[in-house]
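Counted the way our numbering counts, the sequence shown spans residues 2 to 145.
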Amino acid sequence: MTTAVTGSRHEGKVAIVTGASRGIGFAVAERIVAEGGRVVITARKPEALQEAAASLGGPEKARWVAGNAGDDDHQGEVVATAIDAFGGLDHLVNNTGINPAYGRMIDVDLAAANKIFATNVVAAIGWAQKAYRASFEANGGSIV
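Encoded structure:
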């Protein structure tokens, strides 16, 4: 079910949404744009991001940067893109998450557990630190 939303809740605001080429991340980006905001979306696949950004309204409303959510340089590039393209950063939506391991915890391969933790926890901390240092410390902001 899709609900049409318009409004100004995010008017003039800029958000980074990770894991946003499809699914929940894309829906969050779509809602922010519908409510007057602009977004920088990120995920691993450039083609999917390009399509998503176009459907969000193109470069006036949505920019995209492909990369690995856990990569420090990628995080910095995305934050810089938000500030350079749209003049600031107000929101960070940490939507990236993986779960390549299923079953009982006692049976989970430790390499898979480390990958899950690195992507779902450590990467989210890195994104928050970059957003805070680049914008939120001086201007405030929100992290989801």
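Using N, Cα and C, we set each Cβ at its ideal position, and we do this for glycine too.
Could you give the DSSP three-state label for residue 75: helix, strand or coil?
DSSP places residue 75 in helix when its eight states are reduced to three.
Quick one: using the 10 Å Cβ neighbour count with 16 as the cut-off for buried, is residue 88 buried or exposed?
It counts as exposed.
Among the residues of its own chain, which have a CB less than 7 Å from the CB of residue 2, if the five just before and after it don't count?
Unreliable placement is indicated for residue 2, whose pLDDT of 48 sits below 50; the coordinate value is still reported in the next sentence. None.
When the Cα atoms are used, what is the spatial distance from residue 1 to residue 56?
The shown model of the chain, from 2 to 145, leaves out residue 1, and the question about it has no answer.
Is residue 99 helix, strand or coil when you go by DSSP?
The answer is coil: DSSP assigns residue 99 none of H, G, I, E or B.
Which same chain residues, not among the five before or five after residue 86, have their C-beta less than 6 Å away from its C-beta?
Once the five neighbours on either side are set aside, the close Cβ partners of residue 86 are 64.
Go ahead and label residue 90 buried or exposed: buried means 16 or more other beta carbons lie within 10 angstroms of its beta carbon, across all protein chains shown.
It is buried - the Cβ of residue 90 has at least 16 other Cβ atoms within 10 Å.
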